[in-house]
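One structure is given below, encoded as structure tokens.
2 protein chains.
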Amino acid sequence: MRSYDQYCSIARALDVVGDRWTLLIVRELLLQGPARFTDLKNGLPGIAANLLSTRLRELEQAELISRDDAPPPVATTLYRLTETGLALEPALQALGLWGLRFMTSVRPEDTFRAQWLAYAPEWFVADNAPDAPPATIQLSSADAHAVLEVGAGRVSSHTGAAPDPDLVLDGPPHAVLGLLTGVIDFEQATQLGLATRGRREVLTRLRPIGRAAGSP
Amino acid sequence: MRSYDQYCSIARALDVVGDRWTLLIVRELLLQGPARFTDLKNGLPGIAANLLSTRLRELEQAELISRDDAPPPVATTLYRLTETGLALEPALQALGLWGLRFMTSVRPEDTFRAQWLAYAPEWFVADNAPDAPPATIQLSSADAHAVLEVGAGRVSSHTGAAPDPDLVLDGPPHAVLGLLTGVIDFEQATQLGLATRGRREVLTRLRPIGRAAGSP
DNA sequence: CCGGATCCCCAGGGATACTG
DNA sequence: CAGTATCCCTGGGGATCCGG
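Protein chains in written order, with the numbering used here: chain A, -6 to 209; chain B, -6 to 209.
Now the structure itself:
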């Protein structure tokens, strides 16, 4: 990308990560950890292979990522974030928090991935009752599955399935994520197709950040 | 910009503000407040007029800004951020904080503006001694002037000159801002051309955020 | 002088095909 | 699987011009 040529830290940041797709590549590496070319391409539906290749080269040159040769059983190159790349997490988090307001609109052409189901609660939801016993929630949406664990004041999340969850949330992405992030309430989520199974009261301890405590 | 078509809040955010120049326009409106077309163009050296015009239209359509007709003495249209636009401040702040690491390199072709001198301390510097009496620091760099006021645990800053500052910092942008944001120390700043006048010990109460307390 | 609109040119992105 | 090569086309940069 052509430089903005401005002595301003925002402009400087955009000189490095302002190109199309670049921040989303960093997102995938944050969510997936070290990943292969194909993993990245799969987590970035719509990107052209040559463009991903170009961006990875640029990111390596800017020292946001490194390419390592994985040991024999894998025998492929892995892309991983450097310190500098990892340091982008707060910026992506802030941007994602701002972007939540646009998640209500439904677009049939939207793609969806399990890791996007996982990061939203981890970044945007807080534990309202740190002293209550830990709980596990299974999230399922459009063939994507994630597990949310809340307890001791922390909320963590990862892709996959839980053996014996306290609560199961199943429904279209904007119903599940909309409810968790607080852009819609339970009633609206139900109307959008949310189905629950288990201890529904676990939801009350989850508090979307940026919202007042006590919202359902 | 073409949509990423991903149901992810980061991708959704970038659908809206991912275009070239867009975030810098928001930056200028945050720093300047309601501004005229010409003020914006002046705060965005390098932008083409048609592009600024296009972006403003897109931003208005996305409801990040509104265009208002100023009352008679001014009689021009003012662009101002809406609630949605103002809500981008934390994201710009996080991005700018990350971008600080690239501010050490000096490039002769870089442009500079007084408002960029002002926002950095306000966003990236904390008051180390909330109980000490307030102090005023005059910043001067490349014909840009700003006043930094610290006291009661708060750091604020604005463009312009102070009548009777406790301390004056004068030098090239990367010396003044580098020192304040903690990317270089006092000795390095002096080597880069920093000149001081007044109570130099005021600097010790300023703490660059993201650094350990007690760094000079 | 302010607030753009118009035109031309070129770099950068998108889609597809192909290769080690 | 992990990219590279190619072609096309959109969107940005720069200059100029125009109405209020």
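We treat Cβ as the ideally placed atom computed from N, Cα and C, and that holds for glycine.
* Which class does G146 (chain A) belong to by DSSP, given the choice of helix, strand or coil? -> As a working note, residue 146 (chain A) is residue 153 in the first sequence. Residue state, collapsed to three classes: coil.
* Asked: Can you name the residues of chain A whose CB is closer than 7 Å to the CB of L88 (chain B)?
  -> Here residue 88 (chain B) corresponds to residue number 95 of the second sequence, with the count starting at 1. I3, A6, A84, listed in chain order.
* Asked: For V169 (chain A), which residues in chain B fall below 9 Å Cβ to Cβ?
  -> As a working note, residue 169 (chain A) is residue 176 in the first sequence. None at all; the shortest Cβ gap to chain B is about 11 Å.
* Asked: Of all the options A:M96, A:T183, A:T97, A:R190, which has the alpha carbon lying nearest to the alpha carbon of T129 (chain A)?
  -> As a first step, residue 129 (chain A) is located in the first sequence; it is residue number 136 there, counting from the start. Among A:M96, A:T183, A:T97, A:R190, the Cα nearest to that of T129 (chain A) belongs to A:R190.
* Kindly identify the DSSP beta-bridge partner or partners of D120 (chain B). => Translated into the one-based positions of the second sequence, residue 120 (chain B) becomes position 127. For D120 (chain B), which the question treats as bridged, DSSP gives the partners B:L199.
* To do: List the residues of chain B that Q(-1) (chain A) touches, going by C-beta distances under 9 Å, in chain order.
  => Numbered from 1 along the first sequence, position 6 holds the residue referred to as residue -1 (chain A). Within 9 Å Cβ-Cβ: L17, L37, P38, G39, D103, T104, F105, R106, W109.
* Name the chain A residues whose beta carbon is nearer than 8 Å to that of P166 (chain B)? -> Reading the second sequence from its first residue, position 173 is the one you call residue 166 (chain B). The answer, in chain order, is Y0.
* Cutoff 9 Å: A80 (chain A) Cβ touching any chain B Cβ -> As a working note, residue 80 (chain A) is residue 87 in the first sequence. For A80 (chain A), the answer is yes, since a Cβ of chain B falls inside 9 Å of its Cβ.
* Looking only at C-alpha atoms, which of A:N43, A:E82, A:L162, A:Q184 sits nearest to V19 (chain A)? -> By 1-based counting over the first sequence, the position of residue 19 (chain A) is 26. Minimum Cα distance to V19 (chain A) is reached at A:E82.
* Asked: Does DSSP classify D62 (chain A) as helix, strand or coil?
  -> Counted from its first residue, the first sequence places residue 62 (chain A) at position 69. If DSSP states are grouped into helix, strand and coil, D62 (chain A) belongs with the strands.
* DSSP three-state call for T70 (chain A): helix, strand or coil? -> The count along the first sequence starts at 1 and reaches residue 70 (chain A) at position 77. Here T70 (chain A) sits in strand by DSSP.
* Leaving out the 5 sequence neighbours to the left and right, which residues in its chain are closer than 8 Å to D12 (chain A) when beta-carbon positions are compared? -> As a position in the first sequence, residue 12 (chain A) is number 19, starting the count at 1. Around D12 (chain A): M(-6), R48, E51.
* Pick from A:M96, A:W109, A:E194, A:L57 that is closest to G153 (chain A), judged by C-alpha positions -> Numbered from 1 along the first sequence, position 160 holds the residue referred to as residue 153 (chain A). Considering only alpha carbons, the answer is A:W109.
* Asked: Relative to the C-alpha of L74 (chain A), which residue among A:R60, A:A84, A:L85 is closest?
  -> By one-based count along the first sequence, residue 74 (chain A) stands at place 81. Among A:R60, A:A84, A:L85, the Cα nearest to that of L74 (chain A) is on A:R60.
* To do: Establish whether the CB of V118 (chain A) and some CB of chain B are separated by less than 9 Å.
  => Stepping through the first sequence from its first residue, residue 118 (chain A) is reached at position 125. False, the Cβ-Cβ gap to chain B never drops below 9 Å.
* **Min CB distance S208 (chain A) to chain B below 9 Å** => Numbered from its first residue, the first sequence carries residue 208 (chain A) at position 215. Unreliable positioning characterises S208 (chain A) in this predicted model, as indicated by a pLDDT of 42, which lies under 50. The coordinate reading is nonetheless provided below. By this cut-off, S208 (chain A) is not an interface position.
* **Closer than 9 Å to chain A by CB, G11 (chain B)** => As a first step, residue 11 (chain B) must be located in the second sequence, where it is residue number 18. By this cut-off, G11 (chain B) is an interface position.
* Asked: If we ignore side chains and look at the alpha-carbon of each, how far apart do H151 (chain A) and V195 (chain A) end up?
  -> The sequence position of residue 151 (chain A) within the first sequence is 158, counting from 1. The sequence position of residue 195 (chain A) within the first sequence is 202, counting from 1. Each residue's Cα considered, the two are about 18 Å apart.
* Applying a beta-carbon distance threshold of less than 8 Å, which residues of chain B neighbour L223 (chain A)? -> Nothing about residue 223 (chain A) can be read from this structure; chain A reaches only from -6 to 209.
* Would G92 (chain B) count as contacting chain A if we go by Cβ distances under 9 Å? -> Mapped onto the second sequence, residue 92 (chain B) falls at position 99. Yes, because at least one Cβ of chain A sits closer than 9 Å to the Cβ of G92 (chain B).
* Asked: Would you call the region 156 to 176 of chain B and the region 88 to 107 of chain B in contact, with 3 or more CB pairs under 8 Å?
  -> yes
* Asked: Are W91 (chain A) and A6 (chain B) touching if we call contact CB-CB under 9 Å?
  -> Residue mapping note: residue 91 (chain A) aligns to position 98 of the first sequence, counting from 1. Residue mapping note: residue 6 (chain B) aligns to position 13 of the second sequence, counting from 1. Yes; because the gap between Cβ atoms is below 9 Å, this pair is in contact.
* To do: In angstroms with no decimal places, state the Cα-to-Cα distance between E198 (chain A) and S98 (chain A).
  => Here residue 198 (chain A) corresponds to residue number 205 of the first sequence, with the count starting at 1. Here residue 98 (chain A) corresponds to residue number 105 of the first sequence, with the count starting at 1. Checking the sequence, you will find Arg at residue 198 (chain A) rather than Glu. Approximately 26 Å, taken between the alpha carbons.
* Under 7 Å between beta-carbons, which chain A residues line up against R20 (chain B)? List them in chain order, please. => For the purposes of this step, residue 20 (chain B) is taken as residue 27 along the second sequence, with counting starting at 1. By Cβ distance, chain A contributes I3.
* Is A221 (chain A) close to chain B, meaning its C-beta is less than 9 Å from at least one C-beta of that chain? -> This structure gives no information on residue 221 (chain A), because the portion of chain A shown stretches from -6 to 209.
* Asked: Cα separation between L71 (chain A) and Q25 (chain A)?
  -> As a first step, residue 71 (chain A) must be located in the first sequence, where it is residue number 78. As a first step, residue 25 (chain A) must be located in the first sequence, where it is residue number 32. One C-alpha to the other measures close to 11 Å.
* Within this structure, are the beta carbons of V118 (chain B) and A55 (chain B) separated by less than 9 Å? -> Locating residue 118 (chain B) in the second sequence gives position 125, counting from the first residue. Locating residue 55 (chain B) in the second sequence gives position 62, counting from the first residue. Result no, Cβ atoms of V118 (chain B) and A55 (chain B) do not sit closer than 9 Å.
* In angstroms, rounded to a whole number, what distance separates the CA positions of P201 (chain A) and R147 (chain A)? -> Numbered from its first residue, the first sequence carries residue 201 (chain A) at position 208. Numbered from its first residue, the first sequence carries residue 147 (chain A) at position 154. If I take the Cα positions, the gap works out to 13 Å.
* **Exposure label - L22 (chain B); buried when at least 16 CB within 10 Å** => Within the second sequence, residue 22 (chain B) is the residue found at index 29, counting from 1. By the 10 Å Cβ count, L22 (chain B) comes out buried.
* With 9 Å as the threshold, decide whether the Cβ of R200 (chain A) is near any Cβ in chain B. => Residue numbering aside, residue 200 (chain A) sits at position 207 when the first sequence is read from its first letter. For R200 (chain A), the answer is no, since every Cβ of chain B falls outside 9 Å of its Cβ.
* Since L172 (chain A) and L187 (chain A) are thought to touch, with beta carbons under 8 Å apart, how far apart are those beta carbons, to the nearest angstrom? -> As a working note, residue 172 (chain A) is residue 179 in the first sequence. As a working note, residue 187 (chain A) is residue 194 in the first sequence. At roughly 6 Å, the Cβ-Cβ gap stays under 8 Å, so L172 (chain A) and L187 (chain A) are in contact.
* Pair within 9 Å by beta-carbon distance, L141 (chain A) and S134 (chain A) -> Stepping through the first sequence from its first residue, residue 141 (chain A) is reached at position 148. Stepping through the first sequence from its first residue, residue 134 (chain A) is reached at position 141. For L141 (chain A) and S134 (chain A), no; Cβs fall outside 9 Å.
* To do: Compare the C-alpha of Y0 (chain B) against each of A:R29, A:I3, A:C1, A:G89 and name the closest.
  => Sequence index remark: in the second sequence, residue 0 (chain B) carries index 7 (1-based). For the residues A:R29, A:I3, A:C1, A:G89, the minimum Cα distance to Y0 (chain B) belongs to A:G89.
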